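Data block below; observations after.
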Amino acid sequence: MKGADVMQAIVQGAAGKMGRRLVAVLHEAAGFTLKGAVERPGVEAIGKDAGELAGIGPLGVFITDRLDSVIAGAQVIFDFSAPQSAMAALRAAAERDVA
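Numbering (UniProt numbering), first residue to last: 1 to 99.
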């Protein structure tokens, strides 16, 4: 799938067990592309390639601690983070009409 048929996705909590698995699943899934990978500040994985962390090889998507740096153009956020981070992501998504 290409263009408008591909949903731009962000994974919040991307360095955790479920987040890494979701990065791998999105990479294989038709209709999705990984646009961003987010973690909380101070996590060792920040700056690392999300695909390499997920064990699927480099994707060119680097983990950041700033959701606002990757949210533009996203259509969906998958959240596997702590409740406080999830609420911040929910507010940011609502402000930008992201699912």
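All C-beta atoms in this analysis are idealised placements derived from N, C-alpha and C, irrespective of residue type, glycine included.
Since we're looking at a predicted model, the values are computed, not measured.
Classify residue i as buried or exposed, calling it buried when 16 or more other Cβ atoms lie within 10 Å of its own Cβ.
i     : result
Asp79 : buried
Taking residue i as part of the beta strand (DSSP E), name the residues at either end of that continuous run.
i     : result
Gln12 : 7-12
Lys35 : 32-38
Val61 : Per DSSP, Val61 belongs to no beta strand (DSSP E) and is neither H nor E.
Val70 : Here Val70 belongs to no beta strand (DSSP E), and DSSP marks it neither H nor E.
Would you tell me roughly how many angstroms separate the C-alpha atoms of residue i and residue j, rounded to the nearest one?
i     : j    : result
Arg66 : Met7 : 20 angstroms
Gly42 : Asp5 : 35 angstroms
Spatial neighbours of residue i within its chain, please: CB distance less than 7 angstroms, with the 5 preceding and 5 following residues excluded, ordered by chain position.
i    : result
Lys2 : Reliability of the predicted coordinates at Lys2 is poor, the pLDDT of 49 falling under 50, and the value obtained from them is presented with this limitation in mind. Counting only Cβ-Cβ distances below 7 angstroms, and skipping sequence neighbours, we find nothing.
I'd like the list of long-range same chain contacts for residue i, defined as Cβ closer than 6 angstroms, with 5 residues on each side in sequence excluded.
i     : result
Ile56 : Ala24, His27
Between residue i and chain B, is there a C-beta pair that is closer than 7 angstroms?
i     : result
Gly47 : No chain B is part of this structure, which consists of one protein chain only.
Subject >> Touch test, the region 80-87 against the region 24-34, Cβ-Cβ under 8 angstroms, three pairs minimum >> reply: In this structure the region 80-87 does not lie against the region 24-34, because fewer than three pairs of beta carbons, one per stretch, are closer than 8 angstroms.
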